[in-house]
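Visitor: Here it is, the structure in full.
In the working numbering, the protein residues as written are 31 to 391.
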């Protein structure tokens, strides 16, 4: 079925246009003018007196009546023609509207059928299909504008390890790059990213230790135009991902990615101070020694961090960040998928996690 917005856009207009109103006013003025002229002529010609009419007066009266009837007939014809044209146009618009509605309904049904068939590709023999097939199916679903449902499906597939982290992050990056952004989809995508931070970095026994999956849009610029809940979840994801590996692993070069994201996020009007607070924690613990930040960046970090008002949840994350940077709780930090079952995820109160506000202001 088509959406109310599509129906409103396609529905023919049945109200009168300015041209119809102007024509009606013009015809009314002409008719009133004719009546006024007729009365004046009758008075000037003494036709309103009880005296008998002369042959000349009778001839003038008949001539006037003939002209008047001709004008009136012309006016009536013009009105009837205009009404016929308007009705014909309205019927054509209604027929066009019905055709558009039929096309929209057909397209929507085909889309639903296609989505159902795409979802069938995800499973085979009561199990998830191979990753390549699943990745193609979920990418197709998003290409068909599956909405927030496709993002939810992506999160479930990622949780079940039915899709690789690189594919999941690539799809999330595409959603965040949509122009114009769809608020419900971007918010859900950012939440999925935050909930699966532990899958973004390799486990200690992974042979591909150089792997780090991260949405490239966050390295280009900070999406300040997106909704508060989306930006809030992205700040949380950037902070939590640091806890998934030990500081030595990040110091090998990967730390630059989340740090650059947080530096860009300091320009956020609502959450910039929270990003600065994370950077200040890292800098105070000498964790930024492998990342080159100029004096202006460091001064801005200190200034914004002093104005931060984190929530209780985010304060607990910052406490864990202290332990992580101090290498006091390295075993917890190094545990693969540690965040997947920790209070960092399951006890997260959406959407006011990093900042102290619940809406953009």
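Beta carbons: idealized from backbone N, C-alpha and C, even for Gly.
1. Classify residue 220 as helix, strand or coil using the three-state DSSP reduction.
2. Might you give, ordered along the chain, the residues of its own chain that have their beta carbon closer than 7 angstroms to the beta carbon of residue 206, omitting 5 neighbours on each side?
3. Please list, in chain order, all residues of the same chain as residue 145 whose beta carbon is under 7 angstroms from its beta carbon, the five residues on each side excluded.
4. What three-state label does DSSP hand residue 192 in the structure shown?
5. Taking DSSP as the reference, what is the three-state secondary structure of residue 144?
6. Just the C-alpha distance for residue 370 and residue 332, rounded to the nearest angstrom, thanks.
7. Less than 8 angstroms between the CB atoms is what I'm expecting for residue 161 and residue 193, so what's the real figure, rounded?
8. Residue range of the alpha helix (DSSP H) that residue 161 falls in?
9. If you draw a straight line from the C-alpha of residue 362 to the C-alpha of residue 285, how long is it?
10. For the region 126 to 133 and the region 87 to 105, state whether three or more C-beta atom pairs, one from each stretch, are separated by less than 8 angstroms.
11. Quick one, which of 274, 351, 338 and 197 has its alpha-carbon nearest residue 305's?
12. Counting beta carbon pairs with one atom in the region 292 to 301 and one in the region 339 to 347, are three or more of them shorter than 8 angstroms?
13. So does the region 233 to 243 actually touch the region 257 to 264, counting three or more Cβ pairs closer than 8 angstroms?
14. Within this structure, are the beta carbons of residue 273 and residue 311 separated by less than 8 angstroms?
15. Just checking residue 160 against the ligand COA - is the residue's beta carbon closer than 7 angstroms to any of the ligand's heavy atoms?
16. On the three-state DSSP scale, how would you describe residue 157?
17. Quick one: is residue 373 buried, meaning 16 or more other Cβ sit within 10 Å of its Cβ, or exposed?
18. By the 10 Å Cβ neighbour count, where 16 or more other Cβ atoms means buried, how is residue 316 classified, buried or exposed?
19. Decide if residue 39 is buried, meaning its Cβ has at least 16 other Cβ atoms within 10 Å, or exposed.
20. So residue 354 is in the alpha helix (DSSP H); what residue range does that whole segment cover?
21. Does DSSP classify residue 240 as helix, strand or coil?
22. Tell me the DSSP secondary structure of residue 230 in three-state form.
Guide: From the atom records:
1. The residue you call residue 220 lines up with position 190 of the chain shown. Residue state, collapsed to three classes: helix.
2. Working through the chain shown from its first residue, we reach residue 206 at position 176. Excluding residues within five positions, the ones whose Cβ falls inside 7 angstroms are 216, 219, 245, 247 and 253.
3. Residue mapping note: residue 145 aligns to position 115 of the chain shown, counting from 1. Apart from sequence neighbours up to five positions away, the residues of its chain that approach residue 145 with a beta-carbon distance below 7 angstroms are 171, 174 and 176, ordered along the chain.
4. In the chain shown, the residue the question calls residue 192 occupies position 162. Three-state result, residue 192: coil.
5. Translated into positions along the chain shown, residue 144 becomes position 114. Secondary structure at residue 144: helix, using DSSP grouped into helix, strand and coil.
6. Taking the first residue of the chain shown as position 1, residue 370 is located at position 340. Taking the first residue of the chain shown as position 1, residue 332 is located at position 302. For residue 370, the predicted model reports a pLDDT of 33, less than 50, meaning its position is unreliable; a value from the coordinates is still stated below. Residue 370 and residue 332: Cα-Cα distance of roughly 32 angstroms.
7. Your numbering for residue 161 matches position 131 in the chain shown. Your numbering for residue 193 matches position 163 in the chain shown. Correct: roughly 6 angstroms between the Cβ atoms.
8. Translated into positions along the chain shown, residue 161 becomes position 131. According to the DSSP assignment, residue 161 belongs to the alpha helix (DSSP H) that extends over 161 to 173.
9. Position 332 of the chain shown holds residue 362. Position 255 of the chain shown holds residue 285. In this prediction, residue 362 scores a pLDDT of 38, lower than 50, which makes its location untrustworthy; the coordinate-derived value is nonetheless stated afterwards. Rounded to the nearest angstrom, the two C-alpha atoms are 19 angstroms apart.
10. Touching, no, given that fewer than three Cβ pairs across the two stretches are closer than 8 angstroms.
11. On the chain shown, position 275 is the one that residue 305 refers to. Comparing alpha-carbon positions, the option among 274, 351, 338 and 197 lying closest to residue 305 turns out to be 338.
12. By the Cβ criterion, the region 339 to 347 is not in contact with the region 292 to 301, since fewer than three pairs of Cβ atoms, one from each stretch, lie closer than 8 angstroms.
13. By the Cβ test, the region 233 to 243 is not in contact with the region 257 to 264, since fewer than three Cβ pairs between them sit closer than 8 angstroms.
14. Stepping through the chain shown from its first residue, residue 273 is reached at position 243. Stepping through the chain shown from its first residue, residue 311 is reached at position 281. Taking 8 angstroms as the Cβ cut-off, residue 273 and residue 311 do not qualify as a contacting pair.
15. In terms of ligand content, the structure shown is empty, and the ligand COA therefore cannot be addressed.
16. By one-based count along the chain shown, residue 157 stands at place 127. Strand.
17. Working through the chain shown from its first residue, we reach residue 373 at position 343. Caution applies to residue 373, whose pLDDT of 30 falls short of 50 and renders its modelled position unreliable; the value that the coordinates give is listed next. That one is exposed.
18. As a working note, residue 316 is residue 286 in the chain shown. Label assigned to residue 316: exposed.
19. If you number the chain shown from 1, residue 39 lands on position 9. Caution is warranted here: a pLDDT of 46 is assigned to residue 39, below 50, making its placement in the model unreliable, and the coordinate value is therefore given only provisionally. Classification of residue 39: exposed, given that the 10 Å Cβ count is below 16.
20. Mapped onto the chain shown, residue 354 falls at position 324. Residues 342 to 356.
21. As a working mapping, residue 240 is identified with position 210 in the chain shown. In this structure, residue 240 counts as coil in the three-state DSSP scheme.
22. To locate residue 230, count along the chain shown from 1; it is residue 200. Residue 230 sits in coil when the DSSP states are folded into three classes, being neither helix nor strand.
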